[in-house]
Amino acid sequence: MAITLRVNRQAHTVDCAPNTLLVDVLREKLRLTGTHVGCDTSQCGACTVHVDGRSVKSCTMLAVEAADAEITTIEGLASSADGSSGRSGLADGGNLHPMQAAFQECHGLQCGFCTPGMVMSATDLCRRNPKPTEHEVRHWLEGNLCRCTGYHNIVKAVLAGAEAMGGKAK
Amino acid sequence: MKDFQFHRPSSVAEAVALLKARPDAKLLSGGQSLIPVLKLDLAEPSDLISLAGIGELRDIRVDGDRIVIGALVTHDAVHRSPEVQQHIPALATLAGTIGDAQVRNRGTLGGSVAHADPAADYPAALLALGATIATDRRKIAADDFFTGLFETALERDEVVVAVHFPIPKRAAYAKFSHRASKYALVGVMVVDTGHNVRVAVTGAGPKVFRHANIEGILERDFAVDALAAASTPPDELNGDLEASAEYRAHLITVMARRAVQACL
Amino acid sequence: MSAQGFGASVRRKEDRRFLLGKGQYTDDITLPHQSYAVFVRSPHAHANLGAIDAAKAKAVPGVLAVLTGADVAAAGLGGIPCGWAVKSKDGSSMVEPPHPALAQGAVRHVGDPVAMVIADSKTAARAAAALVDVDYQVQPVAASITAATAADAPLVWPDAKGNVCFDWHLGDPASTDAAFAKAKHVVEIELTNSRVAPNAMEPRAAIGHYDAANDHTTLYTTSQNPHLIRLLMGAFTLKVPEHKLRVVAPDVGGGFGSKIYHYAEELLVAWASRVVGRPVKWTSDRMEAFVSDAHGRDHISKAQLALDANGKFLGLRVATLANIGAYLSTFAPAIPTYLYATLLSGPYDFPAIYAEVKAIFTHTVAVDAYRGAGRPEATYLLERLVDKAARQLGIDRIELRRKNLIRTDQFPYQTQVALAYDIGNYQATLDMALASIDHAGYDKRKQATEAKGKLRGFGISTYIEACGIAPSALVGALGARAGLYEAATVRVHPTGSVSVFTGTHSHGQGHETTFAQIISEKLGVPVENVEVVHGDTDRIPFGMGTYGSRSAAVGGSAIVKAIDKIVEKGKKIAAHLLEASAADVEFVDGKYRVVGTDRAKAFGEVAFAAYVPHNYPIETVEPGLEENAFYDPKNFTFPGGTHLVEVEVDPETGVVEIAEVAIADDVGVVINPMIVDGQAHGGLAQGIGQALLEEAVYDADGQLVNGSYLNYVMPRAADLPFFKVGNHVTACTHNPLGIKGVGETGAIGVPPAVINAVIDALAPLGVTDISMPATPEKVWRAIQAAKKGA
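Protein chains in written order, with my numbering: chain P, 34 to 203; chain A, 201 to 464; chain V, 201 to 990.
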């Protein structure tokens, strides 16, 4: 069946069977390979994207369910509404989303595989809770696994990213 | 995942008609339980009928002495709802412990209730609060709803429309999560309705259940220390790598104590 | 030298592409006309293979081929080789069973690949794989060390009597017996080191592409060491010469050891591409990874510690049984021997040590190096034993360690188990860690914990590791079948920018930044003008890859050697330009200067002259500015330190929370502190994961009970606190950078600190032992048992 998806503010019409997962359309049809797949049981969160602004595991959503939605992937985050912020004060703030810049600044990534999911999840948190505490950040990230960083610098990055996005951390 | 036909009706009636016409169809709500099941080929429905196009199922409203929550309301929306937070804060808290943030953004009350996972959180709330499940054709008391492992009183072509939660005098949910899946290893909802005490346990057995022993104790004395006498026979509880039946039995008492503590 | 040189936390150059979603991992690569492979894997731990009927699978539309062990044999593909040979005590060689890429005759663990289905879509390949009909004749199973060493245990291999692969030893039994004979105290311990699954977040993947027109094969693979894979495929498995085989390891999403080895799937996609005439891609599922990636640890040990009346260590005896799984993975025999028993002296002065290690075949997936590899097992055993000795003798745990740590004036220190530590300062890291955790304030924190109705425990581990592997001559003598040097090329471009080609591989370690900082430090070139190239056998002359915390110490040293050659050549060019003698030219702050004058040429000017040699010493110096170097280290490096943990235990539920983690490591000279600390953080999470959360559990039938993220407990953000990480540097004495290595310290040092802390918290209740992982139920049961015993 043909479905039209709005991804990173662009409409794409793709032909896919109803049993196609959103992540497979993003990766295979649209070649947006920044969204990763790290498990098969909807636990790791590497596939997290925004659907109508909310973080969602794209491995646990059918592409056809996303037909009317506004989808943002890691590739489109920097050009999203709060994306190219000059006020972040962080390295590369002009080109990266403030949360992306915070991850670089705080060394919140190593191998980079979980990173897109982490950044998308963290951005959703900070848009809704502009001043999260460390405790809130750690619990919010329950749906995102990382094997490299011990989460230490990820948590720091999310707190810094929250501040850069406009909230002042508690 | 096996192939299927996809439907997106715009009314409950249309969804019911589709279900009637297609005996191997399944309803799709938030999909956070169903899609993982389909991915592992553990179910092979001929048709998926998405409820996402039915706007009327997304409301939360206070109706006298109860809160009515539409079947398509996400866990996250329940968690953040000012009405729920004001009138049944324990329910808002419970919703905030389901799965993880991404699951809560998609998963729905109706989907969870109809799926009846024995380790899901909502069934404990429904049972302990004495909720009523409203479907396209009738109202079912929670006490009659959860009939077994992934089994409910719903007819095959019946659609959950909303859940009516009576506002209790006080209530609390204490959960001991499975460390990997984040489902309830043991979840205990303690409710003081003002007339009686209702205690429901999820995660520990083959289905959510009322805990008569603890209810009796708390009816007599709604206090943490009273639960020193509480006990759960382990023989009907689940045992697995994460927790033996004996440990689950112990956790039921501990979680009950913590729930009572949170009520006080 | 420069603001981006050593000691600067330069933000990582590689981050941008990862943060923008532009990393390129193997599964992100799509080749034209690509096909997809799915493996049929054994659901049984042990079965004889009868007929394999692929007729229904082949009938699925889109299926291109179904290949089996018979096809592998007919094609003459080699078995998966083992890269390390260990000899038993009696001089006999280890039992080295065949390891065909697809099972032939029998399957020996759940997940053993039986058939490979190739189709033009993954969906078709998956559907067809489910239709391959395999006749399994189920056989008895030995899925644990205990089962495999029982009398009359089923044999994994007929040649391995008692399922013993080798029975090896190290140290001097006579002097150890003598030490025990004069001991005042002997403390004994028996413990397991639990089995864990590595779980790099990127599942393994491989794409084989055979170009028939040029008779050339390209393999894209999730590898930590593409040259090693090419070597093994060229010489042993695919059997094509190196110049006809290119191995590319693009961005790789973590490895932790699990992506060192040559896996069957790499060989199979490369070969299958030839069979079907199209590129063949395979990407592992997570559940598939659990039963096909090599696991780590899995030891059962008994140990005895002999002490004199004052608590001075006199001797150590260790007997270990190590599970190595059903097949020998690439480095498997080295892990419980040369990376384990050699570390049993720890940071302590031991006059006598004797260790015996039996490697045991079981019907489980292979066990090989996982972050730390042997050294965590040694550290765990030693630090649990030392803690037990302190309790038994009534000596403070910190003081007992202080009494026995090797003193700074004892270096270089020759251990009784083959290694010679060049340098360290174990007292300094101990003091640093104690200050960092505010050990003086512990009692106050304990009171606060108890006021909440919980128990608090303090745990310590003083550890050492050996890494930066390693001298080729030494490891060759120890059984390695390859050298372990590293190679580098430094190419200075005409305008002075630099490309570095390294044989190491970065899969999270940040080489693109750290190695650029070496260039910046040594040549004064900004890191922005340095490109670090890795992971492609066609672009990099050679290399041994990244594992054993070796990249900076060994790979970085190779880069320094190449830089030294560049600097020397540049001197000759500069001398010509400056009309001076090369002997009078020095290279300082990125400039060639005539000593004692202000006459100088910038590095860029010299580079330009090398490529535009209009005014050039053409008779004596070749144009161009590019140098290769190989570096073979003189010794292992020996990082060490102290890891401290405080836990809070909920006695009602048994839940253990990590309250504090403070570590002080000595990893040698630090190039980028931000990256070095990040490596420590990751190792700590994996170490804490093993101590509290993770365990790969096989049942008696050889089924992996928790082979998915629904039940294998991975550490999450909420399971961990912020870590306090400190470094006290003593520079390695034998490599040009003074670097020791940091990749594994966290995973090595912290597990016993966690368990020692849990035991400390429970000790007042009478608990004396708890095994990894200290799960809530296990802790709760220990408390109940102690209560009953009391």
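Just so it is clear, CB atoms sit at the ideal spot from N, CA and C, and this is done for glycine as well.
By the beta-carbon neighbour count (other beta carbons within 10 angstroms, threshold 16), Glu465/V is buried. His364/A carries a strand assignment under DSSP once its states are collapsed to helix, strand and coil. Cβ-Cβ distances below 8 Å link Ile417/A to Ala426, Leu427, Ala429, Ala430 in the same chain, with the five nearest sequence neighbours on each side left out; the list follows chain order.
With fewer than 16 other CB atoms across the displayed protein chains lying within 10 angstroms of its CB, Val262/A is exposed. Contact annotation: Asn828/V and Thr689/V have beta-carbon atoms nearer than 9 Å. Taking CB atoms only, Ala380/A has a neighbour in chain P less than 9 Å away. The Cβ atoms of Val448/V and Asp227/V do not sit closer than 9 Å to each other. When CB distances to chain A are screened at a threshold of 9 Å, the residues of the stretch 900-934 of chain V falling below it are Val905, Asn906, Ser908, Tyr909, Leu910, Asn911, Tyr912, Val913, Met914, Arg916, Asp919, in chain order.
Our two residues, Ala379/V and Thr714/V, have alpha carbons roughly 46 Å apart in a direct line. Residues of chain A with a Cβ closer than 7 Å to the Cβ of Leu893/V are, in chain order, Arg379. At a beta-carbon threshold of 9 Å, the residues of chain A lying near Asp73/P are Pro236, Lys239, Leu240, ordered along the chain. Here Ala380/A has Glu442 as same chain residues with Cβ atoms under 8 Å from its own Cβ, once five neighbours each way along the sequence are excluded. Close CB contacts of Cys159/P within its chain, under the 8 Å cut and outside five residues either way in sequence, are with Met132, Pro165, Val191, Gly194, Ala195, Met198, Gly200 (chain order). Contacts with chain V (Cβ-Cβ distance below 9 Å) from the stretch 413-442 of chain A involve Asp440, Leu441, Glu442, listed in chain order. Taking all protein chains shown into account, His207/A has 16 or more neighbouring C-beta atoms within 10 Å of its C-beta and is therefore buried. Under the rule that a run must span 4 or more residues, the alpha helix (DSSP H) segments found entirely inside the stretch 85-161 of chain P read 107-110, 131-138, 148-161. Cβ proximity to chain A below 9 Å picks out Thr975, Pro976, Glu977, Trp980, Arg981, Gln984 from the stretch 973-989 of chain V.
Neighbourhood of Lys222/V in chain P, by CB distance below 8 Å: Gly67, Glu108, in chain order. The Cβ atoms of Val567/V and Arg497/V sit closer than 9 Å to each other. Its Cα nearest to that of Thr418/V, the residue Leu468/V stands out among Leu468/V, Ser636/V, Ile460/V, Val272/V. For Phe206/A, the closest Cβ of chain P is nearer than 9 Å. Nearest in C-alpha terms to Lys189/P, of all of Ser112/P, Asn41/P, Gly116/P, His140/P, is His140/P. Note that the C-beta distance between Ile249/A and Ala225/A is below 9 Å.
If you draw a straight line from the Cα of Ala251/V to the Cα of Ala472/V, it comes to about 21 Å. Close partners of Leu464/A in chain V (Cβ separation under 8 Å) are lacking, with about 16 Å as the shortest Cβ gap. Burial is judged here by how many other beta carbons sit within 10 angstroms of a residue's own beta carbon; Ser211/A has fewer than 16 and is exposed.
Short of 6 Å from the beta carbon of Gly109/P, and not among the five residues preceding or following it, lie these beta carbons of its own chain, in chain order: Asn41. Identification of chain V residues near Thr182/P by a Cβ-Cβ cut-off of 7 Å yields Gly878, His881, Gly882, ordered along the chain. For Lys375/A, the enclosing beta strand (DSSP E) begins and ends at 370-377. By a beta-carbon distance limit of 8 Å, Leu892/V contacts Pro973/V. Their separation comes to about 5 Å. With contact defined as three or more Cβ pairs closer than 8 Å, the stretch 291-311 of chain V and the stretch 214-229 of chain V are not in contact. Annotated as proximal: Met94/P and Arg306/A, with beta-carbon spacing under 9 Å. Rounded to whole angstroms, the Cβ separation of Ile367/A and Ile288/A is 6 Å, and the two are in contact under 8 Å. Note on Ser293/V: under 16 other CB atoms within 10 angstroms of its CB, so exposed under the neighbour-count rule. Contact with chain V is absent for Asn162/P, since none of that chain's Cβ atoms lies less than 9 Å from the residue's Cβ. For Trp368/V, the enclosing beta strand (DSSP E) covers residues 364-371.
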